[in-house]
Every structure is written in C-alpha cells, then in structure tokens.
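Each residue of the sequence shown is one higher than the one before, starting from 380 at the first, in our numbering. Even glycine gets a Cβ: it sits at the ideal position worked out from N, Cα and C.
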Amino acid sequence: MASINRLFRSHLAHIKVYEPVDPVSELARKYGIDPENVLKLNGNENPFGPHPAVKAAIAEGELHLYPDPNQVKVRQALAEYTGAPFECVLAGAGGDELIDLLLRLFVEPGERLLDCEPTFGMYAFCARIANAEIVSVPRTADFEVDIEAVTREDNEHTKLLFLASPNNPTGNELSEADLLKLLALNMIIVVDETYYEFSGNTLAHLVPEHENLVILRSMSKWAGLAGVRVGYMIGSSTIVQHLMEIKQPYNVTAPAEAALLASLEHRGDLMENVNMIREQRGKLEEFLDGVESVKYFPSTANFILCEFSEGANEMYERLASKGVFVRKFSHPVLSHHLRLTVGRPEETTRLIEALAASV
Ligand SMILES: Cc1ncc(COP(=O)(O)O)c(C=O)c1O
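Below, the structure is given as structure tokens:
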C-alpha cells in the first residue's frame, strides 16, 4: 500500500485546527507549577460546578442502556424552562454539536456562512470541516455587528449567519432592533445565547414569528456542566424535525440527560451562583476602572475582555508566572487583548492581586 495520504479528503488534509483551552494539568506542566496553584480563568467555565443533585442523578442512571433518541424528558423539561413548544427544542452534545449539525443541514460544500469577528472560533472551524466558505464580516471599532456590511453579503450562496449574544470574547449583546433587520435577509440567523443566564436577555421570543431564527443555548456555563457536554436550541418545528432526522440518535448521553434534568430542577440554586459571578464581574470592573493602562469592554457574560496598552503576550506571561491563566487570541484584532473569566470571590481577589502586580 502506498501512502494513505492520498486517501484523505483534500480539504481536511491540512486543516486549520480549533484552538482549545489547555486543561489544568497542561498549564501546570508548561509553567512548572503545582496543579493545585493553577487558577484557570481561560475557558469561561463555572467554578461553582454542577448542582450537588447532578452527581447523585448521574450515579442513579442506567448506564448500560442507550439513552432516548427522541430526548422526550429532556425536551419536555427544556420546553417548560424556556416556554418554547416541545417540538421547537432539541438538545445536543453541547452547543458545539448543534453548530455542526446546523451546518450539516443547511450548507453544501462551497456555500457560504457568515460570522462577525472577533467571535467564537467554532463557527469558522465547523465551516472548514464542512468545506464551506466562511465569510467573516468585521465588527465595528466598539465590537458592534456591522448590519450594513452583513446585509451586503446576502446572496443565494449564503445560508447561515452566526451571532453570539453576549458575544464571546467581547461580552456585548445584539439588540432586538438589529436582529429584526437581519431576519429580513435570506438566510438562517443563529443567535448563540450560550451566556444567556448571565445576561438575563434573550431574543427567543422572536422565534415563533421568524422561521429563519435559531437560538442556541448551553448548560456548560450557568449550570457548570462544561465537562458533561450538553446544550440545546430553540427554532421552528420544521428545522428541529430535520435536525432530529440527521443527528446521531444517541447524541445526548444518559449522564448528560440526568445532569440537565437535575440542573433544571434546581435552577434556583444554580442562579444564586450565577448571581455571585455577576457580582464578581462588577468587582473586577470596579478594579479595572482604576487602571489607566487597561481598557475593558463592558460585558454581560461571565468574562471580561481587556485591552492592554503594551500588548497581550507580556501580560499573559506575567499572569501565568503567578499561576493565573487567562485566554489570549491569535486574531490580529486582539493582539492587545486578554479575556478574563470571572469566578468565585477568592479567585477575583487573586486575579486582582496578580493584575495589580503586573500592570
Ligand atoms: C459563544 C459560544 N457558543 C458556544 C459555546 C460552546 O458551548 P458548549 O460547551 O455548550 O459546546 C461556547 C463555549 O465557550 C461559546 O463561548
């Protein structure tokens, strides 16, 4: 057999990979520090973790059986939580899987999808995997969506537009007025509300009137389930029906189902954690207000994007040398920026101390 290289699909042979965040063990190894001393603020994870009822629910699950391919209990619980009809909700292995599924449903190889950079890298990554063309419409200087520029990209080859609200990493939201303008375009508009519980604002009420609107949500952040992989979407029953037909039948695992149900049952307790994180965000902003060499972008999510006048790399290294790991970016627009995940009170104190000693 000659080299297997010729067998790879040509567009996947040398793909630009997604840049995931390093786990604690890798951060500790790279910087030669004790994993116990790593403060991981690079993944917008929720340090309060899952509700205690989640572990008990997973332990009671029947792990030897395949989970329900129709996700009946999950969709009923989500319908109750969101107020959307049962046939308009669908769960997946995190928002990430749903992004991939939407591409599979709507975008032929060579067709186009839009995002508005800087934004979440998964949209472009899934586009590359699908051999689709990603057209990134730059945001304005204050990171708002440039509605006119997006409108100019509307053509028969363009199927999807992804907009995160609040946007990762900039923390700002899409307004209802702007979304209404975009919904007039001939494409599916996906509003990614992964950080919804932190912002308290949603555009999901527009779904019944707009068949081309899809709302994405996640259990990773507010419910502390990033390691479980479970998220969901709200959209027209037609889209949901088609996604049900093409998804992997058992895409929501039994532990994920148990975790989602227990989390929604105890949502009041989880929202107390969310509120504590929001308080910490305020504390961090208050500190940043007093630092002249740092500009921050007001955020309604569980992270804050900061711009450092001297550049991001030096600041990243200084924080890392103190065991504090935040998110840096390869995007040229973000060469001076770091994204700080907001955590528990004691983590905010340590982050503020590390920043104060580094600026
Ligand atoms: C905007 C945005 N969408 C989706 C996701 C993926 O979420 P999930 O963990 O549900 O796959 C993230 C994760 O960071 C995100 O920031």
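#1: Out of 713, 702, 683 and 672, state which residue places its alpha-carbon closest to the alpha-carbon of residue 692.
#2: Whose beta carbon lies closer than 5 Å to any heavy atom of ligand 1, going through the chain in order?
#3: To which residues does DSSP link residue 603 through a beta bridge?
#4: Can you tell which of 559, 608 and 575 has its C-alpha closest to the C-alpha of residue 586?
#5: Is residue 498 buried or exposed, if buried means 16 or more other CB atoms sit within 10 Å of its CB?
#6: Report yes if the C-beta distance between residue 684 and residue 721 is below 9 Å; otherwise report no.
#7: In whole angstroms, what is the alpha-carbon distance linking residue 597 and residue 626?
#8: Can you tell me which of the three DSSP states residue 496 falls into?
#9: Taking the alpha carbon of residue 435 as the reference point, which residue from 525, 687, 395 and 634 has its own alpha carbon closest?
#10: So what does residue 505 bridge to, in DSSP terms?
#11: Which residue wins for smallest C-alpha separation from residue 544, given the options 537, 557 and 535?
#12: With DSSP collapsed to three states, give me the class of residue 741.
#13: What distance in whole Å lies between the Cβ atoms of residue 539 and residue 481, which are believed to be in contact at a cut-off of 8 Å?
#14: In the structure shown, what three-state DSSP assignment does residue 575 receive?
#15: Once DSSP output is grouped into helix, strand and coil, what is the label at residue 418?
#16: In whole angstroms, what separates the C-alpha of residue 647 from that of residue 574?
#17: Which runs of the beta strand (DSSP E), 3 residues or longer, sit entirely within the segment 409 to 494?
#18: Could you tell me how far apart the beta carbons of residue 400 and residue 421 are, in whole angstroms, since I believe they sit closer than 8 Å?
#19: So residue 641 packs on residue 433, CB below 8 Å; how close in whole Å?
#20: So, helix, strand or coil for residue 639, using DSSP?
Well, looking at it:
#1: Your numbering for residue 692 matches position 313 in the sequence shown. Out of 713, 702, 683 and 672, 713 has the C-alpha closest to the C-alpha of residue 692.
#2: 473, 474, 475, 499, 543, 547, 571, 573, 597, 599 and 610
#3: Within the sequence shown, numbered from 1, the residue matching residue 603 stands at position 224. DSSP output for residue 603 lists no bridge partner at all.
#4: Taking the sequence shown and counting its residues from 1, the one referred to as residue 586 is at position 207. It is 559 whose Cα lies nearest to the Cα of residue 586.
#5: One-based indexing of the sequence shown puts residue 498 at position 119. By the neighbour-count rule (16 or more Cβ atoms within 10 Å), residue 498 is buried.
#6: Counting from 1 along the sequence shown, the entry for residue 684 is found at position 305. Counting from 1 along the sequence shown, the entry for residue 721 is found at position 342. Cβ atoms of residue 684 and residue 721: not closer than 9 Å.
#7: Numbered from 1 along the sequence shown, position 218 holds the residue referred to as residue 597. Numbered from 1 along the sequence shown, position 247 holds the residue referred to as residue 626. Each residue's alpha carbon lies about 17 Å from the other.
#8: Within the sequence shown, numbered from 1, the residue matching residue 496 stands at position 117. Looking at residue 496 - three-state DSSP - the assignment turns out to be coil, as it is neither helix nor strand.
#9: By 1-based counting over the sequence shown, the position of residue 435 is 56. Checked all of 525, 687, 395 and 634; the closest Cα to residue 435 is 634.
#10: Walking along the sequence shown from the start, residue 505 turns up at place 126. According to DSSP, which records beta bridges pairwise, residue 505 is partnered with nothing at all.
#11: The sequence position of residue 544 within the sequence shown is 165, counting from 1. The shortest C-alpha separation from residue 544 is found at 557.
#12: This structure cannot settle anything about residue 741, because the visible part of the chain is limited to 380 through 738.
#13: Within the sequence shown, numbered from 1, the residue matching residue 481 stands at position 102. Within the sequence shown, numbered from 1, the residue matching residue 539 stands at position 160. Contact flag correct, Cβ pair sits at about 6 Å.
#14: For the purposes of this step, residue 575 is taken as residue 196 along the sequence shown, with counting starting at 1. Here residue 575 sits in helix by DSSP.
#15: Along the sequence shown, one-based indexing puts residue 418 at 39. Three-state DSSP puts residue 418 in a strand.
#16: For the purposes of this step, residue 647 is identified with residue 268 of the sequence shown, where counting begins at 1. For the purposes of this step, residue 574 is identified with residue 195 of the sequence shown, where counting begins at 1. When the Cα atoms are used, residue 647 and residue 574 turn out to be separated by approximately 17 Å.
#17: 468 to 471 and 491 to 494
#18: Looking up residue 400 in the sequence shown gives position 21. Looking up residue 421 in the sequence shown gives position 42. So it is a contact: roughly 5 Å between Cβ atoms.
#19: Locating residue 641 in the sequence shown gives position 262, where the first residue counts as 1. Locating residue 433 in the sequence shown gives position 54, where the first residue counts as 1. Indeed, because the Cβ distance is near 5 Å, the residues count as touching under 8 Å.
#20: For this step, residue 639 is matched to residue 260 along the sequence shown. Reduced to three states, the DSSP call for residue 639 is helix.
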